[in-house]
Amino acid sequence: MMMTHATSSFSDPVLVRYLALGAVLFAIGLVGFMARRNMIMIFLSTEIMFQGVAINLIAFSRYYHNADGQSFVIFLLTVAAAEASLALGLVVMLFRQRQTLNVDAWSDMQG
Amino acid sequence: MCRAAGTYRGKPWKAGRWAWQHGRCFGDVDYIGLRNMDYPLIIATACGAIALYLMMPRGQGWLVKLGTLIGVLALASGLSYLTHWASVEYPAQHAAGPGIFFYAFALITLASAVGVVCHPKPLYSALYFVLMTLAIAGLFVLLMAEFIAVVLIIIYAGAILVTYVFVIMLASPSGVAAAAVDYDRISADPLIAVLVSFLLLGTVLETLFTHTPHGFIAASASGITAHAAHWGGLAALGKNLYSRYTLPLELAGVLMTISLVGAVVIARKNAPHTHMLGLGEMPAE
Numbered sequence: 001m002m003m004t005h006a007t008s009s010f011s012d013p014v015l016v017r018y019l020a021l022g023a024v025l026f027a028i029g030l031v032g033f034m035a036r037r038n039m040i041m042i043f044l045s046t047e048i049m050f051q052g053v054a055i056n057l058i059a060f061s062r063y064y065h066n067a068d069g070q071s072f073v074i075f076l077l078t079v080a081a082a083e084a085s086l087a088l089g090l091v092v093m094l095f096r097q098r099q100t101l102n103v104d105a106w107s108d109m110q111g
Numbered sequence: 112m113c114r115a116a117g118t119y120r121g122k123p124w125k126a127g128r129w130a131w132q133h134g135r136c137f138g139d140v141d142y143i144g145l146r147n148m149d150y151p152l153i154i155a156t157a158c159g160a161i162a163l164y165l166m167m168p169r170g171q172g173w174l175v176k177l178g179t180l181i182g183v184l185a186l187a188s189g190l191s192y193l194t195h196w197a198s199v200e201y202p203a204q205h206a207a208g209p210g211i212f213f214y215a216f217a218l219i220t221l222a223s224a225v226g227v228v229c230h231p232k233p234l235y236s237a238l239y240f241v242l243m244t245l246a247i248a249g250l251f252v253l254l255m256a257e258f259i260a261v262v263l264i265i266i267y268a269g270a271i272l273v274t275y276v277f278v279i280m281l282a283s284p285s286g287v288a289a290a291a292v293d294y295d296r297i298s299a300d301p302l303i304a305v306l307v308s309f310l311l312l313g314t315v316l317e318t319l320f321t322h323t324p325h326g327f328i329a330a331s332a333s334g335i336t337a338h339a340a341h342w343g344g345l346a347a348l349g350k351n352l353y354s355r356y357t358l359p360l361e362l363a364g365v366l367m368t369i370s371l372v373g374a375v376v377i378a379r380k381n382a383p384h385t386h387m388l389g390l391g392e393m394p395a396e
């Protein structure tokens, strides 16, 4: 079944706006990832980057009228949940050892 | 033919702009593509970078206010650039914009994302993240992905963020979760972080807005099957997940189980085998 993209109400400029929003979200999350020193905040910033990618996937799914993008967001949410549970477990464990969430406290971890 | 800008005949205060537009400043050969760049877009991105740099936690309130002002400027210039870009590149479809709801949700999303990154107290950052998740769910509804929107609210705002808040409460050094500690009040290397990520963002946006040929996105769709009639809604998504992606879906379930077990093992306190794993115990108080 052929789709005519030009006649769709979801046109190219609208798609580009969504993609730009996703890119900006990704950049903001990247700034937080590199600049924050709290381990919890670093993981929260990666969640922002996840959301930026999810917006891209959903927008392309809408643009192509194809459910694959939404399916990938399901997988993305799965990975995000798994990452959050493991990372927060690690954070709790690390906090028990040094009583701080500062990543600089662990800079002696090398190799 | 490299004319000096001074030979421009006309209003002298426009000579610089004329020289810039005609590329006479750099000769006729445009070595590094300076002439083809989209300067309003670059300026808007740079404004955003400066705003985010000023808003990073530094322990000084007036810088945050200045950064907010520049951030509003960056948003306004980006919006005006978008309008201009759409009217130039897609004159026929210019009227069919994404509508007011997109802009409202996008504004809430961006503002609360900046709040997450820049707020010195982690608990408030987590609450900003909830706000961002709700706004993104609104965007997903606009994109006809209602199920994903609901799932996003349930999983992110309901489950993941509650876990984050729990850990923030548990792992606050003084026991007071809302008090900002040293490593939250002063960020590490905000300049390098902002430079790197906004260089990336500028490159992506520049490519997206200027170097994407018309019809390129649609033309690449030929390899993608479109289910126009049965597209959208939960039924199509479920059918897609359980026909094309059965194995990945099962693997996702396995991944969830593994991470559940892993989280329990890692976060367990004084477990009998933690000595062997080197995971350590809680120091005696």
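Read top to bottom, the protein sequences are chains P and L. Residues 1 to 111 in my numbering are what the first sequence lists, from first letter to last. Residues 112 to 396 in my numbering are what the second sequence lists, from first letter to last. We treat Cβ as the ideally placed atom computed from N, Cα and C, and that holds for glycine. Nothing here was measured: the structure is a model prediction, and the numbers come from that model.
Work out the CA separation of residue j and residue i for me, nearest whole Å.
i, j, result
"L/V372", "L/I265", "22 Å"
"L/V81", "P/F95", "Outside the displayed range of chain L (112 to 396) lies residue 81 of chain L, so it cannot be described from this structure."
"L/A217", "L/Y294", "30 Å"
"L/V241", "P/L19", "22 Å"
"L/G208", "L/Y201", "11 Å"
"L/W196", "L/T274", "42 Å"
"P/F33", "L/I247", "20 Å"
"L/L245", "L/S223", "10 Å"
"L/M367", "L/L184", "43 Å"
"P/V91", "L/I154", "39 Å"
"P/W106", "P/F75", "32 Å"
"L/V307", "L/Y164", "12 Å"
"P/D104", "P/A67", "43 Å"
"L/G172", "P/I48", "25 Å"
"P/A6", "P/P13", "Note that P/A6 scores 41 on pLDDT, short of 50, meaning its location in the model is unreliable and no value can be drawn from it."
"L/A288", "P/F26", "In this prediction, L/A288 has a pLDDT of 49, which is less than 50 and means its spatial position is unreliable; what the coordinates show is noted afterwards. Distance between the alpha carbons of L/A288 and P/F26: 27 Å."
"L/L312", "P/M41", "21 Å"
"P/L101", "L/A346", "44 Å"
"L/I211", "L/S283", "41 Å"
"L/T398", "L/H322", "Since the first and last residues shown for chain L are 112 and 396, residue 398 of chain L lies out of range."
"L/L352", "L/A215", "32 Å"
"L/D149", "L/S191", "13 Å"
"L/L358", "L/T156", "42 Å"
"L/L238", "L/T220", "13 Å"
"L/L362", "L/G349", "16 Å"
"P/S11", "L/R169", "42 Å"
"P/H57", "L/T194", "Rather than His, the amino acid found at residue 57 of chain P in this sequence is Leu. Their Cα atoms are separated by approximately 24 Å."
"P/L88", "L/G226", "21 Å"
"P/P43", "P/A84", "Here residue 43 of chain P turns out to be Phe, not Pro, going by the sequence shown. Rounded to the nearest angstrom, the two C-alpha atoms are 7 Å apart."
"L/K380", "L/A374", "12 Å"
"L/A187", "P/M109", "45 Å"
"P/Q99", "P/A59", "43 Å"
With which residues is residue i paired in a DSSP beta bridge?
i, result
"P/N102", "P/N38"
So with CB distances below 7 Å, who are the chain P contacts of residue i?
i, result
"L/F251", "I58"
"L/V305", "V31"
"L/S262", "Per the sequence shown, the amino acid found at residue 262 of chain L is Val instead of Ser. Those are L77, listed as they occur along chain P."
"L/V315", "A23"
"L/S370", "A82, S85 and L86"
"L/L254", "I58, A59 and R62"
"L/A162", "Within 7 Å Cβ-Cβ: nothing; L/A162 doesn't reach chain P, min ~11 Å."
"L/S236", "M41 and L44"
"L/I266", "L77 and A81"
Residues of chain L with CB under 7 Å from residue i, in chain order?
i, result
"P/D108", "The premise fails here: P/D108 is roughly 15 Å from chain L at the closest Cβ pair, so nothing lies under 7 Å."
"P/I55", "I247 and L250"
Run down chain L in chain order and give the residues with a C-beta less than 8 Å from the C-beta of residue i.
i, result
"P/I48", "A224, V227, V228, F240 and M243"
Run through chain P and tell me which residues come within less than 9 Å of residue i, C-beta to C-beta.
i, result
"L/L319", "V16, L19, A20 and A23"
"L/Y294", "R36, R37, N38, T100, L101, N102, V103, D104 and A105"
"L/G373", "A82, S85, L86 and G89"
"L/P151", "Within 9 Å Cβ-Cβ: nothing; L/P151 doesn't reach chain P, min ~14 Å."
"L/F213", "V14, R17, Y18 and L21"
"L/M367", "T78, A81, A82 and S85"
Since residue i meets chain P, which of its residues come closer than 8 Å, beta carbon to beta carbon?
i, result
"L/S298", "A35, R36 and R37"
"L/V278", "I40, L88, V91 and V92"
"L/L180", "None at all; the shortest Cβ gap to chain P is about 18 Å."
"L/Y201", "S11, D12 and P13"
"L/M72", "Chain L is shown only over 112 to 396; residue 72 of chain L falls outside these bounds and no answer can be derived."
"L/T274", "A84, S85 and L88"
"L/A282", "I40, V91, V92, F95 and L101"
"L/I154", "Those within 8 Å of L/I154 in chain P number zero; the least Cβ separation is about 15 Å."
Next on the checklist: To be precise: take each residue of the stretch 63-83 of chain P, compare its Cβ to all Cβ atoms of chain L, and keep it if any distance is under 9 Å. Which residues remain?
Outcome noted: Flagged, chain order: Y63, Y64, H65, N66, A67, D68, G69, Q70, S71, F72, V73, I74, F75, L77, T78, V79, A80, A81, A82 and E83.
Checklist entry - the stretch 21-39 of chain P: which residues have C-beta closer than 9 Å to a C-beta of chain L, in chain order? => result Hits within the stretch, in order: L21, A23, V24, L25, F26, A27, I28, G29, L30, V31, G32, F33, M34, A35, R36, R37, N38 and M39.
Checklist entry - Which whole runs of the beta strand (DSSP E) in the stretch 212-278 of chain L are 3 residues long or more, in chain order? => result Counting only runs of 3 or more, we get nothing.
Checklist entry - When Cβ atoms are compared, which residues of the stretch 342-364 of chain L fall closer than 7 Å to chain P? => result Flagged, chain order: W342, A347, L348, N351, L352, Y356, P359 and A363.
Item to check | Positions along the stretch 184-196 of chain L whose CB lies within less than 9 Å of some CB in chain P | outcome: Of all residues in the stretch 184-196 of chain L, those with a C-beta nearer than 9 Å to a C-beta of chain P are G189, L193 and W196, reading in chain order.
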